[in-house]
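Residue numbering for the sequence shown follows the numbering used here, beginning at 1052 and increasing consecutively. From the three backbone atoms N, C-alpha and C, an ideal C-beta is built for every residue, glycine too. Input: a single structure, listed below in structure tokens.
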Amino acid sequence: MLRIVVAKPGLDGHDRGAKVVARALRDAGHEVIYTGLHQTP
């Protein structure tokens, strides 16, 4: 099992792709940390 961080940097307002990836990784047994939209430093 891996611990994976999924972040959505940038200014666009959609995060469907990041959520799909996060869900697939979670369903495969990994620990997923999803930080949400607009996480640009």
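List the whole-angstrom C-beta distance separating residue i from residue j, where the pair is believed to meet the contact cut-off of C-beta under 8 Å.
i	j	result
residue 1075	residue 1085	In fact, because the Cβ distance is near 12 Å, the residues do not count as touching under 8 Å.
For the beta strand (DSSP E) holding residue i, just list the boundary residues, first then last.
i	result
residue 1087	1082-1088
With a CB to CB cut of under 7 Å and the five nearest residues on each side skipped, what residues in its chain are close to residue i?
i	result
residue 1080	1052
Answer with buried or exposed for residue i, where buried requires no fewer than 16 other C-beta atoms within 10 angstroms of its C-beta.
i	result
residue 1057	buried
Which two residues bound the contiguous alpha helix (DSSP H) that contains residue i?
i	result
residue 1069	1067-1078
Take residue i and list the residues in its own chain whose beta-carbon comes closer than 8 Å to its own, dropping the five residues that flank it on each side.
i	result
residue 1009	Summary: the structure shown does not reach residue 1009, with the chain confined to residues 1052 through 1092, and so no result is reported for it.
residue 1112	Outside the displayed span of the chain (1052 to 1092) sits residue 1112, for which this structure offers no information.
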